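Heads up: the protein sequence lines correspond to chains E and Z, in order.
Each residue of the first sequence is one higher than the one before, counting from 1 in my numbering.
Each residue of the second sequence is one higher than the one before, counting from 1 in my numbering.
Accompanying notes for the structure given below.
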Amino acid sequence: AQKVTQAQTEISVVEKEDVTLDCVYETRDTTYYLFWYKQPPSGELVFLIRRNSFDEQNEISGRYSWNFQKSTSSFNFTITASQVVDSAVYFCALSVYNQGGKLIFGQGTELSVKP
Amino acid sequence: GAGVSQSPRYKVAKRGQDVALRCDPISGHVSLFWYQQALGQGPEFLTYFQNEAQLDKSGLPSDRFFAERPEGSVSTLKIQRTQQEDSAVYLCASSPQGLAGSSYNEQFFGPGTRLTVL
Numbered sequence: 001a002q003k004v005t006q007a008q009t010e011i012s013v014v015e016k017e018d019v020t021l022d023c024v025y026e027t028r029d030t031t032y033y034l035f036w037y038k039q040p041p042s043g044e045l046v047f048l049i050r051r052n053s054f055d056e057q058n059e060i061s062g063r064y065s066w067n068f069q070k071s072t073s074s075f076n077f078t079i080t081a082s083q084v085v086d087s088a089v090y091f092c093a094l095s096v097y098n099q100g101g102k103l104i105f106g107q108g109t110e111l112s113v114k115p
Numbered sequence: 001g002a003g004v005s006q007s008p009r010y011k012v013a014k015r016g017q018d019v020a021l022r023c024d025p026i027s028g029h030v031s032l033f034w035y036q037q038a039l040g041q042g043p044e045f046l047t048y049f050q051n052e053a054q055l056d057k058s059g060l061p062s063d064r065f066f067a068e069r070p071e072g073s074v075s076t077l078k079i080q081r082t083q084q085e086d087s088a089v090y091l092c093a094s095s096p097q098g099l100a101g102s103s104y105n106e107q108f109f110g111p112g113t114r115l116t117v118l
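Given below as structure tokens:
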């Protein structure tokens, strides 16, 4: 069975602080994809990034960066110099190859960035 | 272009009523997914369509839940004899077909329908 765990339920930081959101996943499959989505107060999930299981290269996009480590089954997300607009619920998700694309989500981490 | 739209945005039903939730995916998207999101939780998979074919309905919680996509575009999720535990946000997502199969593609989500069963 597959599972995604986001142990941090809520995180509160002050603007300009760096923050890391943790994600640990479980799967026995060798081909899979990991995603991060952002859910702002409006409710609509917004795609942030996708990585496949064969590509452990870390990725940076502006203030966002992702660290994928198969050895620890983790796919952590760091926001550098956080801003108030980063306040949202962030979800990590797993999709296994050849299972139609259904996403298995973690419980989410609610990030609050205070001015 | 237009994103995924869902209607109604909010639905209040009395226990025992039937409800129908509509999803309009992005034009041309082959795959369509339904998820249920309880308060404070992550979305949970309900069912998946590729065009008009329902390929996976393993997540539907009971036989009171039924989904269809008869022409491969608009989809309807129907819940019969609603119960209080059905109260949740129902999210619809669509994605284009990718080379590695649907697993690879990002999914584009609609705003959801918040269902409250009294």
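Idealized CB from N, CA, C, for every residue including glycine.
This structure is a prediction, so every number in the text was calculated from the model and none was measured.
Inset, instruction - Throw me the rounded Cβ distance for the Leu-91 of chain Z and Leu-21 of chain Z pair, which I believe falls under 8 Å. - result: Stepping through the second sequence from its first residue, residue 91 of chain Z is reached at position 91. Stepping through the second sequence from its first residue, residue 21 of chain Z is reached at position 21. Between Leu-21 of chain Z and Leu-91 of chain Z the Cβ distance is about 10 Å, and since that is not below 8 Å, they are no contact.
Inset, instruction - Express the C-alpha separation of Val-46 of chain E and Tyr-37 of chain E in angstroms, rounding to a whole number. - result: Stepping through the first sequence from its first residue, residue 37 of chain E is reached at position 37. Stepping through the first sequence from its first residue, residue 46 of chain E is reached at position 46. Roughly 5 Å between the two C-alpha positions.
Legend entry - Backbone CA spacing between Asp-63 of chain Z and Glu-85 of chain Z [nearest angstrom]: Along the second sequence, one-based indexing puts residue 63 of chain Z at 63. Along the second sequence, one-based indexing puts residue 85 of chain Z at 85. For Asp-63 of chain Z and Glu-85 of chain Z, the distance between alpha carbons rounds to 14 Å.
Inset, instruction - Say whether the region 5-14 of chain Z touches the region 7-23 of chain E, bearing in mind that this needs 3 or more beta-carbon pairs closer than 8 Å, one atom from each stretch. - result: In the pairwise beta carbon analysis, the region 5-14 of chain Z is classified as not touching the region 7-23 of chain E: fewer than three pairs are separated by under 8 Å.
Inset, instruction - Taking 8 Å as the threshold, find out whether the region 21-31 of chain Z comes into contact with the region 45-62 of chain Z through three or more Cβ pairs. - result: yes
Inset, instruction - Would you mind telling me which residues of chain Z sit closer than 9 Å to Phe-105 of chain E, beta carbon to beta carbon, in chain order? - result: Sequence index remark: in the first sequence, residue 105 of chain E carries index 105 (1-based). Ordered by position in chain Z, the residues that pass the 9 Å Cβ test against Phe-105 of chain E are Tyr-35, Gln-37, Gln-41, Gly-42, Pro-43, Glu-44, Phe-45.
Legend entry - Thr-72 of chain E (DSSP reduced to helix, strand or coil): As a position in the first sequence, residue 72 of chain E is number 72, starting the count at 1. In this structure, Thr-72 of chain E counts as helix in the three-state DSSP scheme.
Inset, instruction - Give a yes or no on whether the C-beta atoms belonging to Phe-75 of chain E and Phe-91 of chain E are separated by under 8 Å. - result: In the first sequence, counting from the first residue as 1, residue 75 of chain E sits at position 75. In the first sequence, counting from the first residue as 1, residue 91 of chain E sits at position 91. Going by C-beta atoms, Phe-75 of chain E is not nearer than 8 Å to Phe-91 of chain E.
Legend entry - Val-89 of chain Z versus Leu-48 of chain E: straight-line alpha-carbon distance, rounded: As a position in the second sequence, residue 89 of chain Z is number 89, starting the count at 1. As a position in the first sequence, residue 48 of chain E is number 48, starting the count at 1. Cα to Cα, Val-89 of chain Z sits roughly 21 Å from Leu-48 of chain E.
Inset, instruction - Assign Gln-97 of chain Z to one of three DSSP states: helix, strand, or coil. - result: Counted from its first residue, the second sequence places residue 97 of chain Z at position 97. Residue state, collapsed to three classes: coil.
Legend entry - Phe-108 of chain Z and Ser-94 of chain Z closer than 8 Å at C-beta: For the purposes of this step, residue 108 of chain Z is taken as the residue at position 108 of the second sequence. For the purposes of this step, residue 94 of chain Z is taken as the residue at position 94 of the second sequence. Taking 8 Å as the Cβ cut-off, Phe-108 of chain Z and Ser-94 of chain Z qualify as a contacting pair.
Inset, instruction - Grab the span of the beta strand (DSSP E) containing Ala-13 of chain Z for me, first residue to last. - result: Sequence index remark: in the second sequence, residue 13 of chain Z carries index 13 (1-based). That run of the beta strand (DSSP E) goes 10-13.
Inset, instruction - Using a cut-off of 8 Å between C-beta atoms, extract the partners of Arg-50 of chain E located in chain Z. - result: Position 50 of the first sequence holds residue 50 of chain E. Within 8 Å Cβ-Cβ: Tyr-104, Glu-106.
Inset, instruction - Spell out whether any CB of chain E is found under 8 Å from the CB atom of Asp-56 of chain Z. - result: Here residue 56 of chain Z corresponds to residue number 56 of the second sequence, with the count starting at 1. It does: the Cβ of Asp-56 of chain Z has a partner Cβ on chain E nearer than 8 Å.
Legend entry - C-alpha gap between Glu-59 of chain E and Phe-77 of chain E, whole angstroms: Here residue 59 of chain E corresponds to residue number 59 of the first sequence, with the count starting at 1. Here residue 77 of chain E corresponds to residue number 77 of the first sequence, with the count starting at 1. If I take the Cα positions, the gap works out to 10 Å.
Legend entry - Glu-59 of chain E in three-state terms, based on DSSP: Position 59 of the first sequence holds residue 59 of chain E. In this structure, Glu-59 of chain E counts as strand in the three-state DSSP scheme.
Inset, instruction - Throw me the rounded Cβ distance for the Thr-82 of chain Z and Val-19 of chain Z pair, which I believe falls under 8 Å. - result: Start at 1 with the first residue of the second sequence, and residue 82 of chain Z comes out as number 82. Start at 1 with the first residue of the second sequence, and residue 19 of chain Z comes out as number 19. The Cβ separation is near 6 Å, so the contact holds.
Legend entry - Close Cβ partners of Gln-2 of chain E (< 7 Å) along its chain, the five nearest in sequence each way excluded: As a first step, residue 2 of chain E is located in the first sequence; it is residue number 2 there, counting from the start. For Gln-2 of chain E, where only same-chain residues beyond five positions count, the Cβ hits under 7 Å are Glu-26, Thr-27, Leu-94, Val-96, Ile-104.
Legend entry - Contacts of Ser-42 of chain E in chain Z (Cβ-Cβ under 8 Å): Counted from its first residue, the first sequence places residue 42 of chain E at position 42. By Cβ distance, chain Z contributes Pro-111.
Legend entry - Per DSSP, cross-strand counterpart(s) of Gln-54 of chain Z: Taking the first residue of the second sequence as 1, we reach residue 54 of chain Z at position 54. Answer by DSSP bridge pairing, in chain order: Z:Phe-49.
Inset, instruction - Would you list the one or two residues that DSSP bridges to Cys-23 of chain E? - result: Residue 23 of chain E sits at position 23 when you count from the first residue of the first sequence. DSSP lists no beta-bridge partner residue for Cys-23 of chain E.
Legend entry - Per-residue burial, Lys-70 of chain E [other beta carbons within 10 Å of its own, 16 or more giving buried]: Numbered from 1 along the first sequence, position 70 holds the residue referred to as residue 70 of chain E. Its Cβ having fewer than 16 others within 10 Å, Lys-70 of chain E is exposed.
Legend entry - 8 Å Cβ cutoff met for Ser-61 of chain E and Thr-80 of chain E: Here residue 61 of chain E refers to the residue found at position 61 of the first sequence. Here residue 80 of chain E refers to the residue found at position 80 of the first sequence. Going by C-beta atoms, Ser-61 of chain E is not nearer than 8 Å to Thr-80 of chain E.
Inset, instruction - Confirm, please, whether the CB-CB distance from Ser-73 of chain Z to Pro-43 of chain Z is below 8 Å. - result: To locate residue 43 of chain Z, count along the second sequence from 1; it is residue 43. To locate residue 73 of chain Z, count along the second sequence from 1; it is residue 73. It is not a contact, given that the beta carbons lie outside the stated cut-off.
Legend entry - Those residues which DSSP pairs with Thr-9 of chain E across a bridge: The sequence position of residue 9 of chain E within the first sequence is 9, counting from 1. Its beta-bridge partners do not exist; DSSP assigns none.
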